[in-house]
Amino acid sequence: MTIIVYSIRCIFMFLVVWLGLRIVGKKSIAQITTYDLAGILVMTTIGVEPLVYKIPSKATEGVLVLALCTVFLGKVSLSKKFYNVDQKPSVVIVHGKIDKEEMRKNNMNISFLISQLRLKNYFKIADVEYAIVEPNGQISVIQKSQQRPVTLKDLKLNAKYEGLALPLIIDGEIQYKNLKYANLGIQWLDDRVKKSGAGIENISIAELDSQGQLSISKYIDKQEGEQEVPPIF
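Just so we're aligned: the sequence shown equals residues 395 to 627 in the numbering used here.
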């Protein structure tokens, strides 16, 4: 087998697998169900076979059949009757208490649960009314009503508009395109950076908000002991 023929097969099967994944549909990793994952793994395995056994036609058929089967299961799961064809949601925290049985069913330990709650900005299990493990593996959290923060709407106050922050410095590099978009010059940015007491190369990110305020975040200098980080588990 020449390198050219082998390369053509690689490209062809890459396109076939890509087509199969396109048929399955666009999904983020967090949205992939167990049957999606099974279909993708088998499709990629079949897609590699022609590189060894030199029979791309059968592999192409296999990839497309698996893609259609995965799509079919996805359509079936949309039906109310087969809504939980993959798996049902599991409630792992009820009224601030962990359900050990549900944790065991989902192969979760407390450290993992705590880390997932932190990602949702919940730092105490006692503040959580319900935590639900969804079929796609993500965790939905309902906070206890007495722990919910007061909103401006609750106080009947109007808030100023806050749009997206515009990064002007990222990883020590000036974002000239964003600076031009904000109608600001290098001298203006340089003056603000000097006032912060840092050099541009020491700035992790500098963002301009919709009110025209520039927030600058510097790298942590561990040698100088700028911050004590608590142990995380």
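By construction, the Cβ of each residue, glycine as well, lies at the ideal position given by its N, Cα and C atoms.
Beta-carbon proximity of residue i to residue j, cut-off 7 Å
i      : j      : result
Gln541 : Asp565 : no
Glu601 : Pro561 : yes
Ile533 : Val527 : yes
Leu413 : Gly433 : no
Tyr613 : Asn596 : yes
Val457 : Met437 : yes
Tyr524 : Leu467 : no
Leu558 : Arg586 : no
Nonlocal neighbours in the same chain, by C-beta distance under 7 Å from residue i, ignoring five residues either side
i      : result
Ala553 : Leu546
Lys450 : Sequence inspection shows Pro at residue 450; the Lys mentioned does not correspond to that position. Arg403, Phe406, Met407, Pro444, listed in sequence order.
Ser590 : Ile610
Ile594 : Ile563, Gly566, Ile568, Val587
Thr454 : Val410
Buried/exposed call for residue i, threshold 16 Cβ in 10 Å
i      : result
Asp603 : exposed
Val628 : Because the chain here runs from 395 to 627, residue 628 falls outside it and cannot be looked at.
Gly606 : exposed
Asp584 : exposed
Thr396 : exposed
Gly579 : exposed
Gly441 : buried
Val410 : buried
Leu551 : exposed
Leu415 : buried
Leu573 : buried
First through last residue of the beta strand (DSSP E) which encompasses residue i
i      : result
Gln569 : Per DSSP, Gln569 belongs to no beta strand (DSSP E) and is neither H nor E.
Ile594 : Run containing Ile594: none; DSSP gives neither H nor E here.
Lys612 : 608-612
Contact with chain B by residue i, beta-carbon distance below 7 Å
i      : result
Lys538 : You won't find chain B in this structure, because it holds only one protein chain.
Per DSSP, the bridge partner or partners of residue i
i      : result
Val535 : Ala525
Pro561 : Glu601
Val488 : Lys491, Tyr524
Contact set for residue i: own chain, Cβ-Cβ below 8 Å, skip 5 residues either direction
i      : result
Ile504 : Ile492, Met497
Phe517 : Leu511
Ala592 : Ile610, Lys612
N-terminal and C-terminal residue of the alpha helix (DSSP H) that residue i is part of
i      : result
Leu583 : 580-590
Leu507 : 504-513
Residues of its chain near residue i, where Cβ-Cβ distance is below 6 Å and the 5 sequence neighbours each way are ignored
i      : result
Pro483 : Ile526, Glu528
Glu556 : Ser604
Asn500 : Ser484, Val527
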